[in-house]
Amino acid sequence: METKICRGKKIMPSSFTVCQLGARMHYAVPRLLHGADSLEIFYTDISAQKGWPRALALIPTPLQPAALRRLSGRIAHGVPARKIGAFTKFGLSYSRRRTAARNTSEVDEADWWAGRRFCELCIRSGLGNATSVYVFNTAGLELLQHARARGIRTVVEQTIAPRSCEMELLQREREQHPEWECGSTTNKAAQALAEREHAEWDAADVILCGSEFVREQIAAAGGPANRCSVVPYGVDCTPSRITREPHAGPLRVLTVGAAGLRKGSPDVFAAAQKLGSETQFRMIGTLPARLPGAPKNLDLQGPVPRTEITQHYAWADVFLLPSICEGSATVTYEALAAGLPVIATRNTGSVVRDGIEGFIVPCGDPDAIAEKLAALAGDRDLLQRLSQSAAERARDFTLKRYGERLLQALCH
0 METKICRGKK
10 IMPSSFTVCQ
20 LGARMHYAVP
30 RLLHGADSLE
40 IFYTDISAQK
50 GWPRALALIP
60 TPLQPAALRR
70 LSGRIAHGVP
80 ARKIGAFTKF
90 GLSYSRRRTA
100 ARNTSEVDEA
110 DWWAGRRFCE
120 LCIRSGLGNA
130 TSVYVFNTAG
140 LELLQHARAR
150 GIRTVVEQTI
160 APRSCEMELL
170 QREREQHPEW
180 ECGSTTNKAA
190 QALAEREHAE
200 WDAADVILCG
210 SEFVREQIAA
220 AGGPANRCSV
230 VPYGVDCTPS
240 RITREPHAGP
250 LRVLTVGAAG
260 LRKGSPDVFA
270 AAQKLGSETQ
280 FRMIGTLPAR
290 LPGAPKNLDL
300 QGPVPRTEIT
310 QHYAWADVFL
320 LPSICEGSAT
330 VTYEALAAGL
340 PVIATRNTGS
350 VVRDGIEGFI
360 VPCGDPDAIA
370 EKLAALAGDR
380 DLLQRLSQSA
390 AERARDFTLK
400 RYGERLLQAL
410 CH
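Going by numbering that gives the first Met the number 0, the sequence shown opens with residue 0, and the numbers climb by one from there.
Written out as structure tokens, the structure reads:
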């Protein structure tokens with residue numbers, strides 16, 4: 000293999016085994032590492048490139064129910080099937096457990112079980128000739144320990160602020176909004192997941208964070224901030240894909256993500272109620288079992304396949320995500336690439352700069368959200384300026400630029 004250059008130093012290119020549950024960021028990490036000739040194996044739960052899910056390509060998309068369309072979208076584009084290991088039976092079992100969960104405690108139990116079982120399956124299948132292993136938080140502890148014992152470099156991506164931080168923030172939200180979720184965020188499985196993250200940090204040579212918010216929260220939780228590297232994400236959609244027709248009606252506000260306390264959904268509801276007919280809201284994503292009545296100007300569309308999300312970005316004038324706890328929400332990057340001004344909290348981990356590509360508002364402050372939206376509804380020139388800035392900002396956060404940042408961080 001050729002020697003590569005990294006920040007002026009010659010290094011031998013690492014060969015990575017990537018272990019990832021789900022289709023997070025459309026498999027950006029294994030795709031980028033394969034493009035850099037640095038991917039040994041990619042392990043995941045379900046892949047439309049392996050086993051029986053490959054047959055989904057034979058079914059015309061219009062004939063597929065939404066669940067199958069989501070499954071058929073699980074393709075790591077550019078990564079050859081021979082480099083992919085998929086544990087389909089396990090993936091289906093995990094999906095059933097999560098679907099059957101009656102409360103957050105049972106969701107946490109499913110996640111705890113899945114993380115351990117996934118590691119077992121990856122270890123049993125082997126790491127090949129990898130010199131590095133790349134895992135994601137709560138689903139990589141045993142893999143990290145296994146790799147370290149064999150002198151293999153270990154990398155964990157902390158995709159969201161630590162579970163201990165998340166539990167604290169969400170408990171405050173539950174106390175303020177009992178009509179959304181009841182009970183406590185603290186349960187045995189949640190505690191076990193928090194402890195699992197801490198152990199992963201101990202076993203990791205490098206901890207990747209999507210935002211400064213994540214690194215700060217790792218430090219606040221007693222984690223090794225000195226081994227953390229902030230690497231903002233990127234997406235491979237571009238403004239040229241979006242055709243937005245001008246309209247004279249109310250300001251259109253889009254939110255994408257599973258509705259609930261973590262995404263700040265109560266604040267979306269409250270802001271919509273305050274603004275009334277001067278705005279039209281649309282929420283895309285899974286809806287919780289407990290859901291207060293929505294204002295008349297808020298359209299709850301439920302989940303849609305990723306392949307259909309572009310039409311919703313094209314519908315909107317502005318994107319809203321007032322999250323309480325995130326890593327660095329991918330949908331905010333997609334919104335920028337669609338030329339949408341973004342209103343978010345600092346905890347959303349967005350790369351949006353306040354007053355340039357949108358606005359940063361405090362967590363739990365629907366009045367601040369309503370104020371910014373009212374300003375955009377009343378000043379279409381301001382909306383246009385922020386929209387242009389959003390599209391320009393997106394050029395720094397493409398998938399290619401993310402790959403450059405990621406490889407630089409992995410060179411250390």
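Built from N, CA and C at the ideal position, the CB exists for glycine as well.
Stretch pair the segment 373–390 + the segment 170–180: three plus CB contacts closer than 8 Å
no
Taking Cβ to Cβ, would you say Ser-327 is nearer than 7 Å to Gly-357?
no
Under the three-state reduction of DSSP, which class applies to Gly-221: helix, strand or coil?
coil
For the segment 119–127 and the segment 289–299, state whether three or more C-beta atom pairs, one from each stretch, are separated by less than 8 Å.
no
Helix, strand or coil for Gly-90, going by three-state DSSP, please let me know.
helix
Beta-carbon gap between Ala-343 and Thr-331 smaller than 7 Å:
yes
Whose C-alpha, out of Phe-117, Leu-192, Val-132, is nearest the C-alpha of Glu-105?
Leu-192
Give me the residue from Pro-365, Asp-378, Gly-363, Glu-333 with the minimum Cα distance to Arg-394.
Glu-333
Please go through the same chain and pick out, in chain order, the residues whose beta-carbon is closer than 7 Å to the beta-carbon of Ala-198, but skip the five residues on each side of it.
Leu-140
Pick from Ala-100, Leu-385, Ala-148, Thr-130 that is closest to Asp-353, judged by C-alpha positions
Leu-385
Does the CB of Ile-40 have a neighbour CB from chain B at under 7 Å?
Annotation note: the requested chain B is absent from the structure, which comprises a single protein chain.
Closest by CA to Val-360, which one among Phe-86, Arg-116, Leu-320, Met-282?
Leu-320
Name, in chain order, the residues that DSSP records as bridge partners for Val-317.
Val-252
Inter-residue Cα distance where the pair is Gln-310 and Gly-77
25 Å
What residues match up with Asp-235 in a beta bridge as DSSP calls it?
Paired residues: none, contrary to the question.
Check Gln-48 in the structure and name its three-state DSSP category.
coil
Assuming Val-255 and Gly-284 are in contact, meaning their beta carbons sit under 8 Å apart, how far apart are those beta carbons, in whole angstroms?
6 Å
Leaving aside the five residues before and after Asp-107 along the sequence, list all residues of the same chain whose C-beta is less than 7 Å from its C-beta, in chain order.
Asn-186, Ala-188, Ala-189, Leu-192
Over what stretch of residues does the alpha helix (DSSP H) that includes Asp-266 continue unbroken?
264–274
Touch check for the segment 294–301 and the segment 391–406: three-plus C-beta pairs under 8 Å?
no
Just checking my contact of Met-24 with Tyr-312 at CB under 8 Å: how many whole Å lie between their CB atoms?
Their Cβ separation, rounded to whole angstroms, is 17 Å, which puts Met-24 and Tyr-312 out of contact at 8 Å.
Endpoints, beta strand (DSSP E) assigned at Leu-207:
205–208
Coarse secondary structure for Ile-359, derived from DSSP in three states:
strand
Using 7 Å as the threshold, is the C-beta distance between Phe-421 and Leu-32 below it?
The structure shown does not extend to residue 421, since the chain is modelled only from 0 through 411, so no value can be given for it.
Assign Trp-413 to one of two classes, buried (16 or more other C-beta atoms within 10 Å of its C-beta) or exposed (fewer than that).
This structure leaves residue 413 out entirely; the chain is present only between 0 and 411.
Consult DSSP for Asp-353 and reduce its assignment to one of helix, strand or coil.
strand
Please work out which residues of its chain come closer than 7 Å, Cβ to Cβ, to Arg-147, disregarding the five sequence neighbours upstream and downstream, and give them in chain order.
Thr-153, Ala-202
Pair within 7 Å by beta-carbon distance, Thr-70 and Asp-44
For the sequence presented, residue 70 should be read as Leu rather than Thr. Not closer than 7 Å, so no.
Going by the DSSP bridge assignment, what does Leu-297 pair with across the sheet?
Phe-280
Would you decide whether Gln-279 is buried or exposed? Buried here means 16 or more other CB atoms lie within 10 Å of its CB.
buried
Using a Cβ-Cβ cut-off of 6 Å (strictly less than) and excluding sequence neighbours within five positions of Ile-151, which residues of its own chain qualify?
Val-132
Nearest to Leu-207 by alpha carbon, out of Asn-225, Gln-300, Ala-219?
Asn-225
Measuring only the C-alpha atoms, how far is Arg-30 from Ala-75?
6 Å
Can you name, in chain order, every residue of its own chain whose Cβ lies under 6 Å from the Cβ of Tyr-26, other than the five neighbours on each side?
Ala-75
Does Pro-161 pass the burial test, meaning 16 or more other C-beta atoms within 10 Å, or should it be called exposed?
buried
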